[in-house]
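Numbering (the working numbering), first residue to last: 7 to 213. The beta carbon of each residue, even a glycine, is placed where N, CA and C say it ideally should be. Just below is one structure, and these are the notes that go with it.
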Amino acid sequence: MFAQFLTPAYLPFAVTFAVMLGIGLIEAIGLGLGQLDLDAGIGADADGAGGVLDWLGLGGTLPILIWLTSLLGCVTIAGIALQQGAAALTGAPLPWGGALAGALALGTLANTLAARGLARVMPGYETTVIRTDELLRMRGTILEGTARRGMPARAKVIDRHGQAHVVMVEPHDDGDAIAAGETALLVRREGGIFLALPDRGSIFTAL
């Protein structure tokens, strides 16, 4: 079966399966590091577009990576089922292009049901999502290396919900350095980098 999975007729579904596993690994690593707030979402100004997102399962509380993993799984299963069915009926699988088109259509339909089911078992996700700027005036702990101006380091920040975020941090002042294990107050953001004051008993510790 594994060798058959690598034939041209099944290769698109081997790819979708591999990508699904990769995204699942990213999700598992993310659970260990804490939720990464990428400050990105899906929105629509038009009334009709919001309905399409709801129909696809993207208009609710389901994280986009989980939705995409579910879609890839549905496409993989639909593609294998199509090729197995075609082989049973005609003696040969469908050409990969036609099988992929059919699997995308069937997989998307199946994923609308799967996404709604997954969203129902994740009722608390939306309540713990915050915008990146809400991390300002919170303290982060440098995870590794030393943060210097122009040389950011990864820091872990716990938000008001108790959720962990991993962000890139540089000292606010040119002469400062924040070593691994030290804490700092996030005071400003420039793009994806937070500027922080090292928490070394200065007057801002009372804030």
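Margin query: DSSP three-state label for P14, please.
Written below: Looking up residue 14 in the sequence shown gives position 8. Coil, per DSSP.
Notebook entry, point to check: Based on Cα-Cα distance, which residue from G97, I70 and N117 lies nearest to V81?
Noted result: Stepping through the sequence shown from its first residue, residue 81 is reached at position 75. The candidate whose alpha carbon is nearest that of V81 is N117.
Margin query: Between which two residues does the beta strand (DSSP E) holding L141 run?
Written below: To locate residue 141, count along the sequence shown from 1; it is residue 135. Premise fails: L141 is in no beta strand (DSSP E) and is neither H nor E.
Check: Do you know how far the Cα of G108 is from the Cα of A170?
Finding: The residue you call residue 170 lines up with position 164 of the sequence shown. The residue you call residue 108 lines up with position 102 of the sequence shown. Their Cα atoms are separated by approximately 41 Å.
Checklist line | Residue range of the alpha helix (DSSP H) that includes L192 | finding: Taking the sequence shown and counting its residues from 1, one reaches residue 192 at position 186. It is not in any alpha helix (DSSP H) - L192 instead sits in the beta strand (DSSP E) that spans T189 to E196.
Notebook entry, point to check: Beta carbon of Q89, beta carbon of A15: below 8 Å?
Noted result: The residue given as residue 89 occupies position 83 in the sequence shown. The residue given as residue 15 occupies position 9 in the sequence shown. Yes, these two residues count as a Cβ contact at 8 Å.
Item checked: Residues near P101 in its chain [Cβ-Cβ closer than 8 Å; skip 5 each side] -> Here residue 101 refers to the residue found at position 95 when the sequence shown is read from its first residue. So the list reads A15, once near-sequence residues are dropped.
Checklist line | Where A87 sits in the DSSP three-state scheme | finding: For the purposes of this step, residue 87 is taken as residue 81 along the sequence shown, with counting starting at 1. In this structure, A87 counts as helix in the three-state DSSP scheme.
Note to self: So, with DSSP's three-state summary, where would you put A186?
What the structure shows: Taking the first residue of the sequence shown as position 1, residue 186 is located at position 180. In this structure, A186 counts as coil in the three-state DSSP scheme.
Check: Would the beta-carbon of T75 fall within 8 Å of that of G30?
Finding: Position 69 of the sequence shown holds residue 75. Position 24 of the sequence shown holds residue 30. Contact: yes.
Check: When you compare only the Cα positions, how much space is there between R145 and G181?
Finding: For the purposes of this step, residue 145 is taken as residue 139 along the sequence shown, with counting starting at 1. For the purposes of this step, residue 181 is taken as residue 175 along the sequence shown, with counting starting at 1. Their backbone Cα atoms lie some 20 Å apart in a straight line.
Notebook entry, point to check: Could you give the distance in angstroms between the alpha-carbon of L183 and the alpha-carbon of L191?
Noted result: Here residue 183 refers to the residue found at position 177 when the sequence shown is read from its first residue. Here residue 191 refers to the residue found at position 185 when the sequence shown is read from its first residue. Sequence inspection shows Ala at residue 183; the Leu mentioned does not correspond to that position. About 13 Å.
Checklist line | 7 Å Cβ shell around H178 - same chain, five flanking residues per side excluded | finding: Counted from its first residue, the sequence shown places residue 178 at position 172. Cβ within range, chain order: V193, R194, L201, A202 and L203.
Notebook entry, point to check: Given R154, which residues of its chain have a CB within under 6 Å of its CB, disregarding the five upstream and five downstream residues?
Noted result: For this step, residue 154 is matched to residue 148 along the sequence shown. A183, listed in sequence order.
Item checked: Cβ neighbour criterion (16 or more within 10 Å) applied to A55 -> Start at 1 with the first residue of the sequence shown, and residue 55 comes out as number 49. Bear in mind that the predicted position of A55 carries a pLDDT of just 45, short of 50, making it unreliable; the figure below should be weighed with that in mind. Exposed, by the Cβ-count rule.
Checklist line | Cβ neighbours of Q41 in the same chain (closer than 7 Å, five flanking residues each side left out) | finding: For the purposes of this step, residue 41 is taken as residue 35 along the sequence shown, with counting starting at 1. Caution applies to Q41, whose pLDDT of 44 falls short of 50 and renders its modelled position unreliable; the value that the coordinates give is listed next. So the list reads Q169, A170 and H171, once near-sequence residues are dropped.
Next item on the list: Pick helix, strand or coil for L95, following the three-state DSSP scheme.
Entry: Looking up residue 95 in the sequence shown gives position 89. Helix at L95.
Check: Where does M26 land, buried or exposed, given buried means 16+ other C-beta within 10 angstroms?
Finding: Stepping through the sequence shown from its first residue, residue 26 is reached at position 20. Looking at its Cβ environment, which holds 16 or more other Cβ atoms inside 10 Å, M26 is buried.
Next item on the list: Have a look at R143 and G156 and give me their C-alpha separation to the nearest angstrom.
Entry: Within the sequence shown, numbered from 1, the residue matching residue 143 stands at position 137. Within the sequence shown, numbered from 1, the residue matching residue 156 stands at position 150. One C-alpha to the other measures close to 21 Å.
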